[in-house]
Every structure is written in structure tokens, then in C-alpha cells.
Amino acid sequence: MDVEIEQLLLGMVNTQSKDFYGNQFITGTLANVPIVITKSGVGKVNASISAQTLIHEYQVDSVLFIGVAGALHPELEIGDMIISSSCQEHDLDASTLGFPRGTVPYQSISEYPADSKLVQTALTAATELDGITVRTGKVLSGDQFISDPSLVQYLYTELNGDCVEMEGAAVAHVCYLAHIPYVVIRSMSDRADHEAPVDFVKFTELAAIRSSQLVTSMLHLIHNYGVA
1 MDVEIEQLLL GMVNTQSKDF YGNQFITGTL ANVPIVITKS GVGKVNASIS
51 AQTLIHEYQV DSVLFIGVAG ALHPELEIGD MIISSSCQEH DLDASTLGFP
101 RGTVPYQSIS EYPADSKLVQ TALTAATELD GITVRTGKVL SGDQFISDPS
151 LVQYLYTELN GDCVEMEGAA VAHVCYLAHI PYVVIRSMSD RADHEAPVDF
201 VKFTELAAIR SSQLVTSMLH LIHNYGVA
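In full-length UniProt numbering, the protein residues as written are 1 to 228.
As C-alpha cells, then:
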């Protein structure tokens, strides 16, 4: 989102911008680490295009994907953060062909594990953020905004999701195929229930700022200690 990019740009130097496929990609240095920033756009296709552009045009070493999500795990509160242990597409459904929901037919895996070093770096960086509950969990993605408690229950119990959004698993899928380490970082903007549309608008800016703060802390760790 724009607010996340704005927060990160405040600390960047030597920035340059270039457009690919109608999307802006900004290179520069943050916390003495060379990075590329872009906004994925909404939905899995847009996110996939952005991820592939980062890999093909910029040869990135890893992908950090920040944003907001709806909470599925009943213990998650608005403002809490999830560091992805894995990601999966929840709206992939070839069950009539005998494949479990969320499975990519004829592909070896459909749940994409996040890079363990990036996950640990994110958890370490989170200790520098006061008053924020951070945990690892499974991120589910689909091309729909979830605001249905019955669907929340299904995604939590049947697909073991901790939070749900619209892009993360697509980026994870691209990174898996390209052998690029990734981690998805999500702040809870809502509980994916009937109040989700209101909560999303109300809390999304705060959640986005927290995600960008965490990424900046991660980059400091990477520069100073080479954690990732």
C-alpha cells in the first residue's frame, strides 16, 4: 500500500524509479542495504507480476512482502503481526478432480515454506517494536476480501490458516519456482468477519506503518550482523 511505501521512502537514499507493466519500482538504499520497493497491486495476478519483475529485472536475493491481513486464528487481535511460516492459496479448488482444496494439481507442493533465516530475522527485529504481539503462522491468500465468519472457521480449521489476504501466496509461489528466499509479514487490520470492511479502513494505516517499521529493523540486522 502507499502508506507502507511512504514510510520506507522516508529512510531511503539514492533513490531511482522505473516503471514495468504499469507499476513503479524504486531502487535505493535503506539501513545501508540496497533494496527495491514496489507496490504489488491487489490480487494474486498483480502480485505475481511484481514478484517476477523483481526477480527477472533486478535479480533480487530475497523478497520481503509486507502488508495487512484478516485474522483467522482466534487468539489474534487487530494490530498483531504474523510472520509467515508458509503460504497457500485457499481459493484453488480442483476438488472435483480429486485434489484437496488449496492444491495446485500436478505440482509437488502447494504450501510454500518461508525462508527460515528471514523468519528468524523478522522475529528478532520484532523484539525492538514495543507493544506489538508477533508470532509465526500460515498465511492464506485468495482473490476475495473475506468478511464471512463461517468461511473464517473453514479456513482456520480445514486449511490451518492463521490469517488471510489476497497476495502473499502468489508471491510465495513465484519465489518457490524461482528458488528465491521469501517471507511474508502481515499486520492484522481486521478479523475477517462482518466488521471487516469497517475495521480494514480504520486500522489499515496503523497496521501498514508497523509492517514497514519491522522491515526497517530487519534491514538493520541484515546490515549489521548478516542474520539473513
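All residues carry an ideal CB built from backbone N, CA and C; glycine is no exception.
Can you give the Cα-Cα distance for residue i and residue j, rounded to whole angstroms?
i	j	result
C87	T103	12 Å
V183	P100	25 Å
V150	A94	Sequence inspection shows Ser at residue 150; the Val mentioned does not correspond to that position. In a straight line, the C-alpha of S150 is about 21 Å away from that of A94.
A31	M81	22 Å
I55	I49	10 Å
L206	L129	13 Å
D19	A51	14 Å
L140	M166	8 Å
L9	G98	47 Å
G131	A125	13 Å
G137	F25	29 Å
G168	Y106	21 Å
R191	L159	17 Å
V152	N14	43 Å
I5	N224	23 Å
Y21	A170	17 Å
V63	V36	9 Å
N46	T53	11 Å
Assuming residue i contacts residue j under a Cβ cut-off of 8 Å, what Cβ separation, rounded to an integer in Å, is found between them?
i	j	result
M188	G67	Not confirmed; about 11 Å, so no contact.
S211	I185	5 Å
L123	V134	7 Å
G161	L76	Incorrect: roughly 11 Å between the Cβ atoms, too far for contact.
Q16	T27	5 Å
V143	K44	Here residue 143 is Asp; the residue named in the question, Val, does not match the sequence. Contact holds; Cβ gap of about 6 Å.
For the beta strand (DSSP E) containing residue i, name the first residue and the last one.
i	result
Y182	Y182 to D190
Should residue i be counted as a contact of the ligand MG given a C-beta to heavy atom distance under 6 Å?
i	result
I26	No copy of the ligand MG appears in this structure; indeed no ligand is present at all.
Give the DSSP bridge partners of residue i, in chain order.
i	result
Q88	E111 and L140
I82	R135 and R186
Mind pulling the alpha helix (DSSP H) runs of 4 or more residues that sit fully within the stretch 112-177? For the stretch 112-177, whole alpha helix (DSSP H) runs of length 4 or above, ordered along the chain, are 116-126 and 149-157.
Only counting runs of 4 or more residues, tell me where the alpha helix (DSSP H) segments fall wholly within the stretch 8-80, in order along the chain.
For the stretch 8-80, whole alpha helix (DSSP H) runs of length 4 or above, ordered along the chain, are 44-58.
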